Each structure stands twice: as C-alpha cells, then as structure tokens.
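Taken in order, these protein sequences are the chains called A and B.
Per my numbering, the first sequence starts with residue 4, numbered consecutively.
Per my numbering, the second sequence starts with residue 12, numbered consecutively.
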Amino acid sequence: MIGILLGTVYDSPKNILAIKNINKLKDIGIESCLFCDIVNRNFSVPVETTVLQRAQAFNFNGSIITHDLSMVQELRHMVYAEKRYLYLYDLDWMRIEDLHFSHLRTTILDDNIDLIARNDTHYKLISDMFKKPKHIMKYWDVNVLKELD
Amino acid sequence: MKILIPNLPFYHFRNIAGCLETISSKVDVRTFLWETEQKSIIDVFDEVSPDLVFLHENQLDGAFNILCKEFDFDYVLVGSKEPPDMGKKPSAVITSQQFEANFRDQKNIMSLLPAAKVTEIHAAQERKFLKSEVLIITGVVPNTEEVLDSMRSLGQAYRTKIIGDSAVPIPNYLGKVNMLERADFIKSAKVLVDFGSYDYLDAAYLKTAPLLKGPSPPPLGKVQTFSDIATLMARVDSLLSDSVNLKGYVEGIHKEVTCNHTYYHRCAQIFSSLGMAEIANTLLMFLNEELLQ
C-alpha cells in the first residue's frame, strides 16, 4: 500500500501529477491513500483515493512518500511505515530561505529516509551532494510507484 | 593571571581566548570570555578583577576611564586609530598593517596576520556524508559574477560542495554551518578553493589541498593560486588526478602553516611582546607537543 504525505493540496504541477498518477494505482490493483491537511476546493484533479488526516500517517504501515521537503521532519518519525521516501521533484533545498546545513542533515540525509530523483541529472547531483537515490521516477511515473509498493 | 576577553565577532578575540583556555592547566592563566551584551564593563571588572584585558577601540568610553583609575590592570587594544587619552595607555595594540601609521606615540604595535584557527578545527573528522572533491566556503568575499561562474564551473566538473554564511543560487550550496560542521567539511574535502577569505590556512592545517584566488590577499606560505577560471580548473584537475602531487603539496603547506601560521603563533607573539615569555612559550609548546604529535 502506498501513502502520499502532503500538507495543503493545491493546484501545482507536481501536486496534479502526483494525484493523477495515484488515481491510476487502483487500476493496477495497488491500494493507496492520501494524507493531507486539506484538498483545496478548486484543485483541478478529482482525488479518487482515500483521503485521511495527515496525523493518521503516523499509524500507516505501508510505503509512504512525500515530495514536500517541509513534511520530512514528520516523515522521519513515522516509525510504522515500511519505507519512507522523499521525492526530490525539484531541487527543493535551493528554495529554502536562510538554509542551514543542520536542516538537510535531519531531512535529506536522514538514514531512515530513502531518496527518489526525477531524472538522471538530478540523480547525479543528489548522489554527489547527499546520498544515492533509490529510484529515478519521472513525473510520478506509475510504473515506478508500483515498485515502491 | 586573570585575562578578560570580550566575546565580540572578531576572529582574534575568540581564537586568542581559545588558545589561552587550552593551556590553563599548564600555566597560571585563567581566561574569562565576557558577553558584552549581557554585562557592563564595570560589572565584569567588579566580578573578575582582571590582570589583563583585551579591548576593541569602541569599548574605550567613560566607564572604562573610571576603571582605569580604580583597577590595576594592563590592556591590549584592537583598533585602527590612536585611542583617546584614558589615563592609561595600552600595553600593546593589534591593528592591520595599513593602520600602523595611525599610532604615533604607541609602542608594541602588532599587525596580526591571518592564521589557522586551530582551536576551532583541530578536532575535525572526515565524514562519509560530507565528502567532496572541491569545497568552497562563502561569507567574507562578495559573490561577484566571476566568483559565481567559478563556482558553477567547479560544480559541473567535480563533486563540489558549497557552504557558508552567504547563500548562492547554485544547487551545490548546502547552507550555513556551525564551527564543528565547518571543520568536518574541510577535513572531508580533497581541495578547498578560497576566493580570498583565508580559509585556506585552516585547510592546510587539516591537510586538505588549498587553492587561493590571487594576487590579493597576499598569500602566506607557498599556497597555489589562480587568477581565472581556466587556471583554477587546471589546478584542481592537476591535484585531483595526481595523488602524489596532491600529497606532496598538502604535506608541504601543512608544515608551513603549523610552523608559522596558527593562532598559537599569533597569541605567542602578543604575549611575547607583553614580556610574558612563559605564556608565549607554553602556547608554542602546547601546539608542538600536544596538538601536532
């Protein structure tokens, strides 16, 4: 079972891609759910999977994945989850204001979190800067999501 | 001897305090780091009654004038211009070379050259997750387009990590670091590229190959310099591709720095000029016998 961990689900390219492809998982027989605070009323993709409160993710025992760097502090404490993935869809750490290395040490570099890169270029950069990503997943590719289950 | 040092954001103060603290068990020296924001100079004098005080020129005010009359102490001044008449002249003045002429009636004027900040970096450890081929530390030198271009070129060609107080719009930038993280980053790198902040002295102490943007600042020791991106890339390539060359260079510059350019040397220079030979000798002995053995 795959869980997606997000904060507010609003219209953004990566949120749209995430939900579109999560919706496809049921077609290939993989269960999924979305843990979030709220799905914006004007979010342009219908969410066709179970939506649960974000706090419920702490009881989840499947593979959990987030593409939101701000969620990683919580992700690392989700001890029941079989696997915890951070999908570095963009080079997110570049956008952090007043970045301290200690932030990265406890998120991207956390031993209990596996990384996913979006493409080969990102894979090389992330390997050089942090650690080798476990997967390369282009635009929330459902075939890679299947492997995470 | 009680020595009072203000905890101001100057390398000199912090590193002098650090060096003195390390020899406190070997010689009669007690160092007090004074939080100037939290305690007034009169209160700290009442509590500590120091024998020697290090002061910045901005701290010479009316309160200090009163203390000069009531307490018996010597002081070392860090400044750039002739101090106002305080009824007590400094025993020594630390300044930069270009300001020496500003002190006409003063004896014991010293220009302290930059030095390896040994007490901040000596315990550095090589760590797998910090490893890099090239390390750059931002902060002191402005990030001009030329500097950013050099960083980008290094980032594309080598496993390059950038840390420091000044953020740069390059994905290799990993943020601000504390003193211990900085030391570990330097120790875990093969080459440190210095755009003029004297970080290369710390790198040399930790046996990481330094490269300095020349010609300014004037290099201390036989550090390799570069003037443009092409030379920089060629120098990095030469160091990374030839381990014998790298080792020879690193050993040579490490020796130069440990013989002449650490804060223990600078601190010994100050105490020697104050006529406190025992403290000066103990500092150098501690460096050579305890740290470098």
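The beta-carbon is built from N, C-alpha and C at its ideal position, and this holds for glycine as well.
Small disclaimer: the values here were computed from a predicted structure and weren't measured.
Going by DSSP, what residue range makes up the alpha helix (DSSP H) through residue i?
{"i": "B/Lys198", "result": "Met190 to Lys198"}
{"i": "B/Glu58", "result": "Ile52 to Val59"}
{"i": "B/Asp160", "result": "Glu156 to Ala168"}
{"i": "A/Phe46", "result": "It is not in any alpha helix (DSSP H) - A/Phe46 carries neither H nor E in the DSSP assignment."}
{"i": "B/His272", "result": "Unbroken run through B/His272: none, as it is neither H nor E."}
{"i": "B/Ala220", "result": "That residue, B/Ala220, is in no alpha helix (DSSP H); its beta strand (DSSP E) goes Ala220 to Lys224."}
{"i": "A/Pro16", "result": "Pro16 to Leu28"}
{"i": "B/Val38", "result": "From DSSP, B/Val38 is part of no alpha helix (DSSP H); its letter is neither H nor E."}
{"i": "A/Ser35", "result": "From DSSP, A/Ser35 is part of no alpha helix (DSSP H) but of the beta strand (DSSP E) over Ser35 to Cys39."}
{"i": "A/His125", "result": "Asp123 to Met132"}
{"i": "B/Ile290", "result": "Ala288 to Met296"}
Should residue i be labelled buried (16 or more other beta-carbon atoms within 10 Å of its own) or exposed?
{"i": "A/Ile31", "result": "exposed"}
{"i": "B/Phe75", "result": "buried"}
{"i": "B/Gly29", "result": "buried"}
{"i": "B/Glu300", "result": "exposed"}
{"i": "A/Met132", "result": "buried"}
{"i": "A/Asn64", "result": "exposed"}
{"i": "B/Gln108", "result": "exposed"}
{"i": "B/Gln304", "result": "exposed"}
{"i": "B/Asp213", "result": "buried"}
{"i": "B/Met162", "result": "buried"}
{"i": "B/Lys172", "result": "buried"}
{"i": "A/Arg98", "result": "exposed"}
{"i": "B/Gly98", "result": "exposed"}
{"i": "A/Ser35", "result": "buried"}
{"i": "A/Cys39", "result": "buried"}
{"i": "B/Asn235", "result": "Asn is not the amino acid found at residue 235 of chain B; the sequence shown has Gln there. Flag for B/Gln235 reads buried."}
Sort the options by Cα distance to residue i and report the nearest one.
{"i": "B/Arg305", "options": "B/Ala291, B/Lys258 and B/Tyr86", "result": "This structure cannot speak to residue 305 of chain B, because chain B is shown only from 12 to 304."}
{"i": "B/Asp116", "options": "B/Thr130, B/Pro101 and B/Glu289", "result": "B/Pro101"}
{"i": "B/Gly232", "options": "B/Asp253, B/Tyr209 and B/Ser238", "result": "B/Tyr209"}
{"i": "B/Tyr6", "options": "B/Ile27, B/Asp176, B/Leu19 and B/Ala194", "result": "Examination of residue 6 of chain B is not possible in this model, given that chain B is present from 12 through 304 alone."}
{"i": "A/Ile139", "options": "A/Val48, A/Tyr90 and A/Leu28", "result": "A/Tyr90"}
{"i": "B/Leu141", "options": "B/Phe282, B/Lys201 and B/Ser107", "result": "B/Lys201"}
{"i": "B/Ile174", "options": "B/Ser143, B/Leu212, B/Pro228 and B/Cys270", "result": "B/Ser143"}
{"i": "B/Val104", "options": "B/Phe84, B/Pro95, B/Thr33 and B/Val89", "result": "B/Val89"}
{"i": "A/Ile19", "options": "A/Met4, A/Asp123, A/Cys39 and A/Ser47", "result": "A/Ser47"}
{"i": "B/Thr242", "options": "B/Val255, B/Tyr260, B/Asp253 and B/Leu222", "result": "B/Leu222"}
{"i": "A/Asp114", "options": "A/Asp144, A/Val42 and A/His80", "result": "A/His80"}
{"i": "A/Lys27", "options": "A/Ser15, A/Val145, A/Ala120 and A/Asp152", "result": "A/Val145"}
{"i": "B/Gly286", "options": "B/Glu81, B/Val204 and B/Asp85", "result": "B/Asp85"}
{"i": "B/Gly166", "options": "A/Thr124, A/Lys141 and A/Val147", "result": "A/Thr124"}
{"i": "B/Leu19", "options": "B/Lys50, B/Lys13 and B/Thr33", "result": "B/Lys50"}
{"i": "A/Ser15", "options": "A/Asp152, A/Ala120, A/Ile67 and A/Tyr142", "result": "A/Tyr142"}
{"i": "B/His265", "options": "B/Val204, B/Thr47 and B/Ala220", "result": "B/Ala220"}
{"i": "B/Asp83", "options": "B/Thr106, B/Met12 and B/Arg25", "result": "B/Met12"}
{"i": "A/Asp71", "options": "A/Asp95, A/Asp101 and A/Leu151", "result": "A/Asp95"}
{"i": "B/Leu71", "options": "B/Pro17, B/Lys118 and B/Thr33", "result": "B/Pro17"}
Under DSSP, the beta strand (DSSP E) around residue i begins and ends at which residues?
{"i": "B/Asp85", "result": "Asp85 to Val89"}
{"i": "A/Asp101", "result": "A/Asp101 -> no beta strand (DSSP E), and no H or E assigned at all."}
{"i": "A/Lys86", "result": "Lys86 to Leu91"}
{"i": "A/Leu8", "result": "Ile5 to Leu8"}
{"i": "A/Asp117", "result": "Asp117 to Ala120"}
{"i": "A/His80", "result": "Segment: none, A/His80 is in no beta strand (DSSP E) and carries neither H nor E."}
{"i": "B/Leu15", "result": "Lys13 to Pro17"}
{"i": "B/Gly175", "result": "Thr171 to Gly175"}
{"i": "A/Ser66", "result": "Ser66 to Thr69"}
{"i": "B/Phe237", "result": "Gln235 to Phe237"}
Please work out which residues of its chain come closer than 6 Å, Cβ to Cβ, to residue i, disregarding the five sequence neighbours upstream and downstream, and give them in chain order.
{"i": "B/Leu15", "result": "Phe43, Trp45, Val59, Pro61 and Val64"}
{"i": "B/Tyr216", "result": "Ala127 and Val268"}
{"i": "B/Val188", "result": "Ile174"}
{"i": "B/Pro228", "result": "Gly207"}
{"i": "B/Lys92", "result": "Asn113"}
{"i": "B/Ala168", "result": "none"}
{"i": "B/Arg138", "result": "Asp195 and Ser199"}
{"i": "B/Leu2", "result": "Residue 2 of chain B lies beyond the stretch modelled for chain B, which goes from 12 to 304, so this question has no answer here."}
Give me, in chain order, the residues of the same chain whose beta-carbon lies closer than 8 Å to that of residue i; leave out the 5 immediate sequence neighbours on both sides.
{"i": "A/Leu37", "result": "Gly6, Ile7, Leu9, Val12, Ile22, Ile25, Val50, Thr52, Thr53, Val54 and Leu55"}
{"i": "A/Thr69", "result": "Ile7, Leu8, Leu9, Val75, Leu78, Tyr88, Leu89 and Tyr90"}
{"i": "B/Glu289", "result": "Val38"}
{"i": "B/Gln280", "result": "Met121, Leu123 and Ala291"}
{"i": "A/Asn45", "result": "Asp14"}
Within a Cβ cutoff of 7 Å, which residues of the same chain sit near residue i, ignoring the five residues on either side of it in sequence?
{"i": "B/Leu302", "result": "Val129 and His133"}
{"i": "B/Phe206", "result": "Val152, Val158 and Lys224"}
{"i": "B/Ser35", "result": "Arg41 and Thr42"}
{"i": "B/Lys335", "result": "Nothing can be reported for residue 335 of chain B, as the shown portion of chain B is limited to 12 through 304."}
{"i": "A/Asn62", "result": "Tyr83"}
{"i": "B/Ser177", "result": "Thr149, Gly150 and Asn154"}
{"i": "B/Ala135", "result": "Ala194, Asp195, Ile197, Lys198 and Leu217"}
{"i": "A/Ile129", "result": "Leu91, Leu118, Ala120 and Pro136"}
{"i": "A/Lys17", "result": "His70 and Tyr92"}
8 Å is my cut-off, CB to CB: does residue i come that close to chain E?
{"i": "A/His70", "result": "In the structure shown, chain E cannot be found, because the protein chains are A and B."}
Beta carbon of residue i: closer than 7 Å to some heavy atom of the ligand NAD?
{"i": "B/Glu131", "result": "This structure simply doesn't include the ligand NAD, nor any ligand for that matter."}
Quick one: complete beta strand (DSSP E) runs, 3+ long, within the region 94 to 161 of chain B?
103 to 106, 120 to 122 and 143 to 149
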